[in-house]
Amino acid sequence: FQYGLHVSMLTSPSSFIKELVNHTCEQRYGLVLNAWQLSRIWSFIVSIFSIGGLIGSLCAGHLVATYGRRRCLMVNNAVAIGGALLMLLSKSTMSFEMIIIARLLYGLNSGIGLTAHALYVLECAPKRLRGMLGVSLSTFASMGKFFGQLLGISELLGTTDRWPWLLGFSGFTGLLQMLTLPILPESPRFLLLDRNDRAGCEAAARRLWSSKVDHASEMEDMQAEHAALRGVRIHSVKELFLERSVRWQLITTLVTFTTVQLCGINAVYLYSFEVFTAAGIPSHQLRYAALGTGLCEVSTSVACVLVIESTGRRVLLFRGYMGMAATLALLTLTLYLQAHVSWMPYCSMVLIFVFIFFFSSGPSGVTTSLPGEIYTQSFKSPAFTAGTTINWAGLFILGMVFPLIVENLEYFCFLIFFFFCFFSAVFVWYVVPETKNRTVLEIAVAFKQMHHKRRAMEEVKEDELTSDCVLCNKATKL
Numbered sequence: 004f005q006y007g008l009h010v011s012m013l014t015s016p017s018s019f020i021k022e023l024v025n026h027t028c029e030q031r032y033g034l035v036l037n038a039w040q041l042s043r044i045w046s047f048i049v050s051i052f053s054i055g056g057l058i059g060s061l062c063a064g065h066l067v068a069t070y071g072r073r074r075c076l077m078v079n080n081a082v083a084i085g086g087a088l089l090m091l092l093s094k095s096t097m098s099f100e101m102i103i104i105a106r107l108l109y110g111l112n113s114g115i116g117l118t119a120h121a122l123y124v125l126e127c128a129p130k131r132l133r134g135m136l137g138v139s140l141s142t143f144a145s146m147g148k149f150f151g152q153l154l155g156i157s158e159l160l161g162t163t164d165r166w167p168w169l170l171g172f173s174g175f176t177g178l179l180q181m182l183t184l185p186i187l188p189e190s191p192r193f194l195l196l197d198r199n200d201r202a203g204c205e206a207a208a209r210r211l212w213s214s215k216v217d218h219a220s221e222m223e224d225m226q227a228e229h230a231a232l233r234g235v236r237i238h239s240v241k242e243l244f245l246e247r248s249v250r251w252q253l254i255t256t257l258v259t260f261t262t263v264q265l266c267g268i269n270a271v272y273l274y275s276f277e278v279f280t281a282a283g284i285p286s287h288q289l290r291y292a293a294l295g296t297g298l299c300e301v302s303t304s305v306a307c308v309l310v311i312e313s314t315g316r317r318v319l320l321f322r323g324y325m326g327m328a329a330t331l332a333l334l335t336l337t338l339y340l341q342a343h344v345s346w347m348p349y350c351s352m353v354l355i356f357v358f359i360f361f362f363s364s365g366p367s368g369v370t371t372s373l374p375g376e377i378y379t380q381s382f383k384s385p386a387f388t389a390g391t392t393i394n395w396a397g398l399f400i401l402g403m404v405f406p407l408i409v410e411n412l413e414y415f416c417f418l419i420f421f422f423f424c425f426f427s428a429v430f431v432w433y434v435v436p437e438t439k440n441r442t443v444l445e446i447a448v449a450f451k452q453m454h455h456k457r458r459a460m461e462e463v464k465e466d467e468l469t470s471d472c473v474l475c476n477k478a479t480k481l
């Protein structure tokens, strides 16, 4: 939730923050900033969040493995509260530097929180609810984005006097989480597999799971993984990249996390204002139209939670990427034609909502929780670190490069994102096995079987080619 809130909260008060930057530089340094200088400072305020997230994601794997999932989440909320206090004081002290530091702290909080939250939720969930609770991560991130948009309207906190409270709102959510987390137990899987605490694991499982959950079966699965990992320590990110046994899991993580940033969702949100304007929506009502896109993302994410266990992760990923690729191709066409056909902007508006639907119903929800399902316990922390690091690095690079891409290619930039979506759909269909109703060990075996089967087929083809060459040579001699 806090991650989504931090992503969307700067949209509304951007003009107020720029005004604060101008006044601070003029009063403190006697400088009058031109448009280019102001835009550079604003870009830095926006992008410092990604840098903080990148640092947080690099530290997260070690922190959650050393101190535990729950404790890491509790301490991490103190970072968010510290950032919120700086945001609240920034206007009264006339210091935009406080906003920069607070954005860095918010990024650090989000980078650590995404990894710790994903691990904690997935390890606390029984097998039959693992996918549903895993997708809930993106659902709450979507809710955070929506609440950031909602709180930013002028009727609530998007005003000259109240915008610091908007930027500091995540301090309240951090405080709420800090007060409620001590009620919950530590992850059962962490207690058994990382701390070798069977009694603590059983006690945590009894507190978390109802009588409807097959406790014996769940404990049996954890014991099997514990036996398989006996004497195996938690691996580092470097060891993850060098380990041949998880090569296909690693490639899957790299591809899926990269495509989430390069699928075009940011471009679609950017062009939504242009499309809404062309469709006749007044400029002062564009913010309310944007709330519609946020509400669409939230409602679709909730629907994904309900269908993931019956549909499966692999199918949702494939359908999502193929649907997004088709929508991007059509959206490029409608944006090209909307200057010539009067009703074409309405088609573009519908396609924007269709794209958000496909994004939220598959890639957005499944990708975040995927490392928690396809890796054994010893590789989970470095896998989440690698995935979230790619996510944050992609977000930062895209924030720097994307304006240049749009400036030069305009709406044809969607064709670049079309390629990434189509490639990912093909990759998921041929490389990623289904994880529904499977244990971590069964999923690891499925990856190995797919890889060995492919290698065996290649060896058969090589043998056939060699035998054909031998026959040809014999025929030539005769």
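Heads up, the sequence shown is in the working numbering, so the first residue is 4 and it goes up one at a time. Cβ coordinates follow ideal geometry from the N, Cα and C atoms, glycine included.
When C-beta atoms of the stretch 326 to 340 are compared with those of the stretch 78 to 91, fewer than three pairs fall below 8 Å, so the two segments do not count as touching. The three-state secondary structure of Leu245, taken from DSSP, is helix.
In the three-state DSSP reduction, Ile58 falls in the helix class (H, G or I). Judged by DSSP in its simplified three-state form, Gly147 adopts helix.
In chain order, Lys21, Val24 and Asn25 place their CB closer than 8 Å to the CB of Leu41, counting only its own chain and leaving out the 5 sequence neighbours on each side.
Using a Cβ-Cβ distance cut-off of 8 Å, the stretch 118 to 131 and the stretch 291 to 310 are not in contact, since fewer than three pairs of beta carbons, one from each stretch, lie closer than that value. The beta-carbon separation of Thr261 and Ser60, rounded to 14 Å, does not stay under the 8 Å limit for a contact. Collapsing the DSSP output to three states places Leu319 in a helix.
DSSP places Ala206 inside the alpha helix (DSSP H), whose first and last residues are Arg201 to Leu211. Per DSSP, Trp432 is one residue of the alpha helix (DSSP H) stretching across Phe417 to Val434. The Cβ-Cβ distance between Ser11 and Gln152 falls below 8 Å.
Apart from sequence neighbours up to five positions away, the residues of its chain that approach Pro188 with a beta-carbon distance below 6 Å are Ala207 and Arg210, ordered along the chain. Ser113 is positioned such that its CB atom lies no closer than 8 Å to that of Met403. For the stretch 347 to 415, not one full-length beta strand (DSSP E) segment reaches 3 residues or more. When rounded, the separation of the alpha-carbon atoms in Leu34 and Gln5 is 35 Å.
Non-local C-beta neighbours of Lys383 in its own chain, meaning closer than 8 Å and more than five positions away in sequence, comprise Leu122, Pro374 and Gly375, ordered along the chain. Within the stretch 127 to 175, not a single complete beta strand (DSSP E) segment reaches 3 residues in length. For Ser427 and Thr303, the gap between their C-alpha atoms comes out near 21 Å. The residues Leu444, in chain order, have a CB closer than 7 Å to that of Ala227 in the same chain once the five nearest residues on each side in sequence are set aside. A buried status is given to Asn394, since no fewer than 16 other beta-carbon atoms sit within 10 Å of its beta-carbon. In the structure shown, Asn440 falls within a coil segment according to DSSP collapsed to helix, strand and coil. Looking from the CA of Tyr349, the closest CA among Leu309, Arg317 and Ala282 belongs to Ala282. Nearest to Gly116 by alpha-carbon distance, out of Arg165, Leu418, Trp166 and Gln180, is Gln180. Residue environment analysis places Met97 among the exposed positions, since fewer than 16 neighbouring C-beta atoms fall within 10 angstroms of its C-beta. Assigned with DSSP and collapsed to three states, Glu29 falls in helix. The beta carbon of Ile44 sits closer than 7 Å to the beta carbons of Val24 from its chain, once the five residues preceding and following it are set aside; these are given in chain order.
Following the DSSP letters along the chain, one finds His238 in no alpha helix (DSSP H), marked with neither H nor E. Per the coordinates, the alpha-carbon of Pro191 lies some 40 Å from the alpha-carbon of Ile48. Within the same chain, no Cβ atom closer than 7 Å to the Cβ of Phe422 is found once the five residues on either side in sequence are excluded.
Assigned with DSSP and collapsed to three states, Thr280 falls in helix. Secondary structure note for His9: its alpha helix (DSSP H) is the uninterrupted segment Gln5 to Ser11. Looking only at Ser173, Ala81, Val278 and Val258, the smallest Cα-Cα distance to Tyr414 is reached by Val278. Per DSSP, Ile254 is one residue of the alpha helix (DSSP H) stretching across Arg250 to Leu265.
The criterion of a C-beta distance shorter than 8 Å is satisfied by Ala328 and Cys424.
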